[in-house]
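Peer 1: Numbering (our numbering), first residue to last: 1 to 181.
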Amino acid sequence: MHKRFFTRLVLLSAFLVFVAAPAAYAQISIAVVDIEALMSDSTAAKSIKQQVETNRKKFETEMEGLEKQLRDSLEKLKAESKDLSKEDLEKKAQEFEEKRFEARKTLKSRIASLNKGSAEAMNTLTSSIFKVCAKLADEKKYDLIITRNNVIVGAKSLDITPEVMKRLNDTLPDVKVTIGK
């Protein structure tokens, strides 16, 4: 008798779980946001891109100047090599190699600094996007906000990207890209 009662109890519980589950899902409020669009089309993202590009061009100009100096030094060294003793030539060649090493070191440092500044600015943007989404979720009572990349099929009405973009542009119109020297 206990076995029969237990079996009925298990079947009734399973039935209730399957009947109650769709009702619970029907009450979930879901929204979709296109993070990639926000990370590329917001005013802050455009500002970051512009600052990075400006600094990259500035670095390129500086590096072209350094390269020209190195080429000139090499040409001068080649021209002087006939008149220099072996020791003096080796000394000048070593000085040239040190300059070349320093130029490479400077280039690597500048690139690393630019990458770090860009990453920090993008982290600030990402953080702001999450804050805007959280505030919107609280206001509109969304239970779940998912990225567009995670949606295979979804109604356009679920997309809150334009609202997030507007709020993001209002709260974070610009992000300063800080580049160390």
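Built from N, CA and C at the ideal position, the CB exists for glycine as well.
With 16 other CB atoms within 10 Å as the buried threshold, where does serine 81 fall?
Peer 2: exposed
Peer 1: Helix, strand or coil for aspartate 170 per DSSP?
Peer 2: Helix.
Peer 1: DSSP three-state call for alanine 31: helix, strand or coil?
Peer 2: Note: alanine 31 maps to strand in three-state DSSP.
Peer 1: Please confirm if the segment 24-38 is in contact with the segment 140-150, defined as three or more CB-CB distances below 8 Å between the two stretches.
Peer 2: Yes: the two stretches touch, three or more of their Cβ pairs being nearer than 8 Å.
Peer 1: Assuming aspartate 174 and alanine 37 make a contact with CB atoms under 8 Å, what is their CB distance in whole Å?
Peer 2: In fact, because the Cβ distance is near 18 Å, the residues do not count as touching under 8 Å.
Peer 1: Rounded to whole angstroms, what's the CA-CA distance from alanine 112 to lysine 141? Just pull it up for me.
Peer 2: 42 Å
Peer 1: Determine, using beta carbons only, whether leucine 77 and alanine 103 come nearer to each other than 8 Å.
Peer 2: no
Peer 1: Determine, using beta carbons only, whether threonine 171 and serine 128 come nearer to each other than 8 Å.
Peer 2: yes
Peer 1: Do the CB positions of arginine 56 and leucine 114 come within less than 8 Å of each other?
Peer 2: yes
Peer 1: Rounded to whole angstroms, what is the Cα-Cα separation between aspartate 98 and glutamate 60?
Peer 2: Just to set this straight, residue 98 is glutamate in the shown sequence, not aspartate. Approximately 21 Å between the Cα atoms of the pair.
Peer 1: Among the residues of its own chain, which have a CB less than 6 Å from the CB of glycine 117, if the five just before and after it don't count?
Peer 2: Val177, Thr178, Ile179
Peer 1: Give the range of the beta strand (DSSP E) segment to which leucine 144 is assigned.
Peer 2: 144-147
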